[in-house]
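A short write-up of the structure that comes next.
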Amino acid sequence: MKYLYLLYQLLISPVLLLLTILTALATIVGCALLNASWWSYYPGKLWSQAIIRLLFLPIHVEGREHMDPHQSYVIIPNHQGAFDIFLIYGFLNRHFKWMLKAELRKMPFIGKACESAGFIFVDQKGGPKKMKETHDRARQVLQDGVSLVVFPEGARTWDGRMRKFKRGAFQLADELQLPLLPITINGSFEVLPRSKGYVNFVKWHPLSLVIHPAIAPRRAEGEEVAGTTERVVMQEAYDVIASRLTTVPITLEDGTYDPND
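Mind the numbering: the sequence shown is residues -3 to 257 in this note's numbering, read in order.
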């Protein structure tokens, strides 16, 4: 069955490539000429669902009841692999924008489609000025129930284990006084792990998406906003996501992690 599945992937790879190009073009044209809100989200959603279905990957989602349809969130999933994108985009059932690395803007078709859809590109080398521009852009996007997805680890894992969180998503949620929505992803690393090679085939494995209860902004509760509170919120989010992981997160000897690392 393993080799049949590999052969099947080779046969449908042109179809997957064509779907990707058509989705990007539909997003670019639709956002420019039609309803930008609809075309910035639904082509990508349908594309993600098609990719998952064509590869016969089982999907399990739980916890959608934790999402208020009228509330904007800073959504923070762990980042296991490339299929996190398809899983969240296709099956979260929530209108959102992505926060992406600025380098992705250079990808043919995909970069232009993401720009047309209003996704937020982050220049990690731009310093405080660029960070302020990012937060200003996020403030414009996070309205009327539209949310923002940020991977707090910053990059995909190399070994399947959850890495230490970076501050960006938590600073943004605090500044805009929006709740954080933690999500646990399992199976994406097994399906397509991060690799330094040019060719990497998909492996059949179930995928799951666990949506946890939101973490309220702490300033709204009258707590201190200094680094101590930020550490507490980061640790809470980390622990919640790790609680449903099937792989072991990276921790320190005392069982915690260092947000400053």
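Note that beta-carbon positions come from the ideal geometry of N, C-alpha and C, so glycine has one too.
- For Lys162, there is no enclosing alpha helix (DSSP H), since its DSSP letter is neither H nor E.
- If you draw a straight line from the Cα of Arg101 to the Cα of Lys108, it comes to about 7 Å.
- Here Ala134 is buried. Its C-beta has 16 or more other C-beta atoms within 10 Å.
- Straight-line spacing of the CA atoms in Thr19 and Pro104 works out to 13 Å.
- DSSP places Pro124 in the helix class (H, G or I) of the three-state scheme.
- Pairing Val70 with Val146 gives a Cβ-Cβ distance under 9 Å.
- DSSP lists Val145 as the beta-bridge partner residues of Trp94.
- Annotated three-state conformation of Leu168 is helix, per DSSP.
- Within the region 23 to 110, the runs of alpha helix (DSSP H) at least 4 residues long that lie entirely inside it are, in chain order, 32 to 35, 38 to 50, 79 to 87.
- Here Leu2 carries a helix assignment [DSSP, helix/strand/coil].
- Shown here, Val11 sits in a helix according to DSSP, grouped into three states.
- Leu177 sits in a strand when the DSSP states are folded into three classes.
- According to the DSSP secondary-structure assignment, Ile116 is paired through a beta bridge with Met95.
- For Leu174, same chain residues with a beta-carbon under 7 Å away, outside a window of 5 residues either side, are Ser68, Tyr69, Val70, Leu138, Pro213 in chain order.
- DSSP lists Leu176 as the bridge partner or partners of Ile211.
- In terms of Cα proximity to Val118, the closest of Ala151, Gln5, Val229, Ile179 is Ala151.
- At the C-beta level, Ile47 and Gly86 come within 9 Å of one another.
- Using a Cβ distance threshold of 9 Å, Asn74 and Glu186 do not count as a contacting pair.
- Looking at the DSSP output, Asn182 shares a beta bridge with Ser204.
- With a 10 Å radius around the Cβ and a threshold of 16 neighbouring Cβ atoms, Lys93 comes out buried.
- Taking 8 Å as the upper bound for CB-CB distance, Gln76 and Ile181 are in contact here, some 5 Å apart.
- Counting C-beta pairs with one atom in each stretch, the region 153 to 168 and the region 31 to 45 have fewer than three that are closer than 8 Å, which means they do not touch.
- Residue environment: Leu83 is assigned as buried (16 or more neighbouring CB atoms within 10 Å of its CB, all protein chains considered).
- About 20 Å separates the CB atoms of Ala233 and Ile116; that is not less than 8 Å, and the two are not in contact.
- Annotation for Ile55: Phe87, Leu203 place their beta carbon closer than 6 Å to its own, counting only its chain and skipping 5 residues before and after.
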